[in-house]
Amino acid sequence: TQLLEQSPQFLSIQEGENLTVYCNSSSVFSSLQWYRQEPGEGPVLLVTVVTGGEVKKLKRLTFQFGDARKDSSLHITAAQPGDTGLYLCAGAGGSARQLTFGSGTQLTVLP
Amino acid sequence: NAGVTQTPKFQVLKTGQSMTLQCAQDMNHEYMSWYRQDPGMGLRLIHYSVGAGITDQGEVPNGYNVSRSTTEDFPLRLLSAAPSQTSVYFCASRSDKNTEAFFGQGTRLTVV
Numbered sequence: 012t013q014l015l016e017q018s019p020q021f022l023s024i025q026e027g028e029n030l031t032v033y034c035n036s037s038s039v040f041s042s043l044q045w046y047r048q049e050p051g052e053g054p055v056l057l058v059t060v061v062t063g064g065e066v067k068k069l070k071r072l073t074f075q076f077g078d079a080r081k082d083s084s085l086h087i088t089a090a091q092p093g094d095t096g097l098y099l100c101a102g103a104g105g106s107a108r109q110l111t112f113g114s115g116t117q118l119t120v121l122p
Numbered sequence: 098n099a100g101v102t103q104t105p106k107f108q109v110l111k112t113g114q115s116m117t118l119q120c121a122q123d124m125n126h127e128y129m130s131w132y133r134q135d136p137g138m139g140l141r142l143i144h145y146s147v148g149a150g151i152t153d154q155g156e157v158p159n160g161y162n163v164s165r166s167t168t169e170d171f172p173l174r175l176l177s178a179a180p181s182q183t184s185v186y187f188c189a190s191r192s193d194k195n196t197e198a199f200f201g202q203g204t205r206l207t208v209v
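These protein sequence lines are chains A and B, in that order. Reminder that position 15 of the first sequence reads as 26 in our numbering, one-by-one numbering, no gaps. Reminder that position 80 of the second sequence reads as 177 in our numbering, one-by-one numbering, no gaps.
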């Protein structure tokens, strides 16, 4: 079984602060996906990283895939209340035919 | 654009009752999955399918059955509901094992 550990589990910060969420595994994945989920809705894809060492930027969000394709990070610069939500990482491919999800990081950005 | 449609959105069951959660997708995706989401535990895979007629167990399959008779539909059956099955259930589909998953809006199930 491939496991993904996310940290921190909860994060509450003030508007304008920076933050980083981590997603770690002992398994190698073909790609790593990041999703954001709002209350009462299903998760929605933010980004997919595929190449070891890859960095992708989505406005104030920066995603990085580890060189060994076992870990990833999400960095948010100058967080805004609209960034509030549950952030989930998910590993794809490798030996598994299904997506493996991390336990999630509940982010709250206070105005 | 319907995407992934789940019904019902809310359900309350008594212990021992059975029911089926419906999931349908209109994107011609081969891969479909059922997850349950509990506080602090992310999404845990119940069952999944890689095509019509093919299903397999995920991380937490006990108490649930699935079938995949068509590409579009992937129902989840609770055989005899237990309070431990109180959760939010999500159905997802994707075109292959490396691509984006599209989720339904979820079914909030309470077993009393």
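Backbone N, C-alpha and C define an ideal beta-carbon position, used for all residues, glycine too. These figures come from a predicted structure and were not determined experimentally.
**Item:** Spatially closest choice to B/Gly155 from A/Leu110, A/Thr73 and A/Gln117, by CA coordinates
**Value:** Position 58 of the second sequence holds residue 155 of chain B. Among A/Leu110, A/Thr73 and A/Gln117, the Cα nearest to that of B/Gly155 is on A/Leu110.
Against chain A, does B/Gly160 count as a neighbour if the rule is that its beta carbon must be under 7 Å from one of theirs? The count along the second sequence starts at 1 and reaches residue 160 of chain B at position 63. Cβ-Cβ to chain A under 7 Å: no for B/Gly160.
Taking B/Met138 as the query, report the chain A residues whose CB atoms sit under 7 Å from its CB, ordered along the chain. Looking up residue 138 of chain B in the second sequence gives position 41. Here the neighbours are Ser114.
Determine the chain A residues that contact B/Glu169 at a beta-carbon separation under 7 Å, and present them in chain order. Numbered from 1 along the second sequence, position 72 holds the residue referred to as residue 169 of chain B. Those within 7 Å of B/Glu169 in chain A number zero; the least Cβ separation is about 18 Å.
### Rounded straight-line distance, which links the Cα of B/Asp153 to that of B/Leu140
Looking up residue 140 of chain B in the second sequence gives position 43. Looking up residue 153 of chain B in the second sequence gives position 56. Near 17 Å, if we compare the C-alpha coordinates of B/Asp153 and B/Leu140.
Starting from the Cα of A/Gln44, find the closest Cα among A/Lys67, A/Pro92, A/Gly27 and A/Leu30 and give me that residue.
Walking along the first sequence from the start, residue 44 of chain A turns up at place 33. Among A/Lys67, A/Pro92, A/Gly27 and A/Leu30, the Cα nearest to that of A/Gln44 belongs to A/Lys67.
* Looking only at its own chain, which residues have a Cβ that is under 8 Å from the Cβ of A/Lys81, when we skip the five neighbours before and after it? -> Working through the first sequence from its first residue, we reach residue 81 of chain A at position 70. Excluding positions up to five away in sequence, the list reads Asn35, Ser36, Ser37, Ser38, Val39 and Phe40.
- Query: Shortest alpha-carbon distance to A/Asp94 belongs to which of A/Ala103, A/Pro122, A/Ala79 and A/Gly102?
  - Reply: If you number the first sequence from 1, residue 94 of chain A lands on position 83. Closest by alpha carbon: A/Pro122.
Original post:
Should the region 132-150 of chain B be regarded as contacting the region 177-190 of chain B, the criterion being three or more beta carbon pairs within less than 8 Å?
Top reply: With the cut-off at 8 Å, the region 132-150 of chain B and the region 177-190 of chain B touch.
Note to self: Using the three-state DSSP reduction, which class does B/Asp170 fall into: helix, strand or coil?
What the structure shows: By one-based count along the second sequence, residue 170 of chain B stands at place 73. Looking at B/Asp170 - three-state DSSP - the assignment turns out to be strand.
Proximity of A/Gln91 and A/Glu26 at Cβ, strictly below 7 Å | The residue you call residue 91 of chain A lines up with position 80 of the first sequence. The residue you call residue 26 of chain A lines up with position 15 of the first sequence. Between A/Gln91 and A/Glu26, the C-beta gap is smaller than 7 Å, which places the two residues in contact.
* Closest to A/Glu16 by CA distance: which of A/Ser114, A/Asn29, A/Leu22 and A/Gly63 is it? -> Indexing the first sequence from 1 puts residue 16 of chain A at position 5. Checked all of A/Ser114, A/Asn29, A/Leu22 and A/Gly63; the closest Cα to A/Glu16 is A/Ser114.
Query raised in the report: What are the boundary residues of the beta strand (DSSP E) that includes B/Ala189?
Result: Sequence index remark: in the second sequence, residue 189 of chain B carries index 92 (1-based). Following the DSSP letters along the chain, one finds B/Ala189 inside the beta strand (DSSP E) bounded by residues Ser184 to Arg191.
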